[in-house]
Amino acid sequence: MSESSATGQQSKAEAKPRKFQAIKGVRDLLPAETPLWNHVEETAHAVFGTFGFSEIRLPIFEPTELFARAVGGETDIVSKEMYTFEDRDESMISLRPEATASVCRAYIEHNMQQLPQPVKLYYMGPMFRRERPQKGRYRQFYQIGAEVLGGNDAPGIDAEVIDMVMTFFDKLELQGLELDINSIGCRECRPKYVEVLRAALMKVKVQLGADSQRRIETNPLRVLDSKLESEQEVIATLPRMAAHLCAECAEHFAEVKRQLELRGVIYRENWRLVRGLDYYMRTTFEITAQGLGSQNAVCGGGRYDGLVELLGGPPTKGIGFAIGEDRLILSLQESGKAPAPPGRDIYIAWMGEKAFATAIRAAKDLRAAGYRVELPATEQKFGKALGQADKLGSRYALVLGEDEVSSGEWTLKTLADGSQKKYTESELLEYLRDTNVGGQQRT
Ligand code: HAM
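Number 72 in my numbering belongs to position 82 of the sequence shown; there are no gaps in the numbering.
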């Protein structure tokens, strides 16, 4: 190929710009969905507020070391799934894979131990993990989480945190909820149990798959998490944490369960519930919902006394949870709980320059009163305007032609039945108010 033809090809390629697509595992939330996202988030603000929690907004990225220390350098999240890069000053930075570490960092940084304890915080926003994308699993996903830091480790706190998330789910009418709880012990009793478990696993090693065999060394607790069909029978015979809890942990767990019962929270004890983050101790829990397939955990959480200390702060108790908002939304959509995106209240069909001036003023007044108004920027034929109004899901068309402008009597057409009536501007506002058009949108 001659040089000139090669350049020719290149300029041809340049003429057609690349069509971009969102990166694998990340997605746009489109207007058909965002009303449900807003509804979920508004409900979280309201419900968490009634439990005395305040919102904290955290950075999207933090020093890599914060997550390595808090979540654990050997965990899948930190060792395989973080988006990490070197900043221009050569420091290592990661997009947050979760927010508990950031909340603890903020607690220390802002001396929150000087506030009345415990400090009750909640947050919502995107998290990033480079997992294999599938239904309910994304590389940018959204969490709504809450943390209680400081004060004591009363089991009533564990129960209230769980009660709060269940109350939130009930308010959203999330279907098919199941709450699993467990206690994974403390720094005293857990290492002893892990050794007992490791010894038992060694005896059945040949019956386990390669992943579990490897985990006997690295993290035997994770074997309990295995979903592999062939391993289930063997796992059922393994020693259980409950039988190895120290007296304090056993008492704490018993009291958490009693407190849940006091609150009418239905739970299932699941001795195989181990969480994939290192900071947990004692109470751990997970909530599943229906309609989600294999990624059915909508919430995970637990107690993490000592994490603040590990991050350089004072000895501090801690417990919290994070809800997978994407999964929560999916489950609501599957059970038909998604509200329809709002259409327009009023489409202004104007004809003629004079009418346009009136239409602009009408739009301003109606919007100030809180109605969703569509004001076409160019004149349209009457039939086309009505067609457009219909496509946008408008409830009414406000017809403004020469006649309406000169008489001051505006025509309001109800699109559902085609009926129409004339109103002066003040009558119109009164009529709309009386028929409660715009619902809660109107202030
Ligand atoms: P986690 O179990 O790693 O816990 O995540 C909590 C929830 O986030 C999961 O149950 C799931 O619903 C959602 N989630 C996790 N990864 C993805 C993903 N790739 N795509 C969609 N959803 C996902 C934590 O993050 C802890 N910080 C929770 C916590 C707070 N513990 C104490 N305080």
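Built from N, CA and C at the ideal position, the CB exists for glycine as well.
Asked                                                                                                              : Found
Buried versus exposed call for M341 [16 or more other C-beta atoms within 10 Å across all chains shown]            : buried
Distance cut-off 7 Å: V288 Cβ against heavy atoms of the ligand HAM                                                : yes
Residue range of the alpha helix (DSSP H) that includes G302                                                       : No alpha helix (DSSP H) holds G302; DSSP gives it neither H nor E.
Buried or exposed by the 16-neighbour rule on C-beta atoms within 10 Å, applied to I336                            : buried
Proximal residues to E(-7) (C-beta, below 8 Å), its chain only, five neighbours per side dropped                   : For E(-7), the pLDDT reaches just 45, beneath the cut-off of 50, and the residue's location in the model is therefore unreliable, leaving the point undetermined.
Whether L162 touches L322 by CB criterion (8 Å)                                                                    : yes
Proximal residues to V298 (C-beta, below 8 Å), its chain only, five neighbours per side dropped                    : C94, Y97, I98, L139, P304, P305, T306, G308
Nearest-angstrom Cα separation, counted from L111 out to G39                                                       : 10 Å
Whole-angstrom distance between L419 and M517, CA atom to CA atom                                                  : The first residue shown for the chain is -9 and the last is 433, placing residue 517 beyond what the model contains.
Those runs of the beta strand (DSSP E) which lie wholly inside the stretch 362 to 410 and span at least 3 residues : 386 to 390, 400 to 404
Local Cβ density within 10 Å of S397, reported as buried at 16 or more and exposed below that                      : exposed
Continuous alpha helix (DSSP H) stretch holding T157: start and end                                                : 145 to 161
Where L191 falls: helix, strand or coil (DSSP)                                                                     : helix
H242 versus G175, I225, G291, E207, residue with shortest Cα-Cα distance                                           : G175
Contacting residues, own chain, Cβ-Cβ under 7 Å from P329 (five flanking each side not counted)                    : P25, L26, H29
Proximity below 8 Å, CB of L388 to CB of A339                                                                      : yes
Where P25 falls: helix, strand or coil (DSSP)                                                                      : helix
Minimum C-alpha distance to C239 - residue among T90, L390, A144                                                   : A144
Assigned secondary structure, A279 (DSSP; H/G/I helix, E/B strand, else coil)                                      : coil
Closer than 7 Å: Q133 CB and nearest the ligand ATP heavy atom                                                     : The ligand ATP is absent from the structure shown, which contains only the ligand HAM.
Cβ-based neighbour list, L250, same chain, cut-off 7 Å, excluding 5 preceding and 5 following                      : A149, I152, Y257
Euclidean distance between Cα positions of S69 and A91                                                             : 16 Å
Touching by the beta-carbon criterion (3+ pairs, under 8 Å), the stretch 115 to 131 and the stretch 78 to 88       : yes
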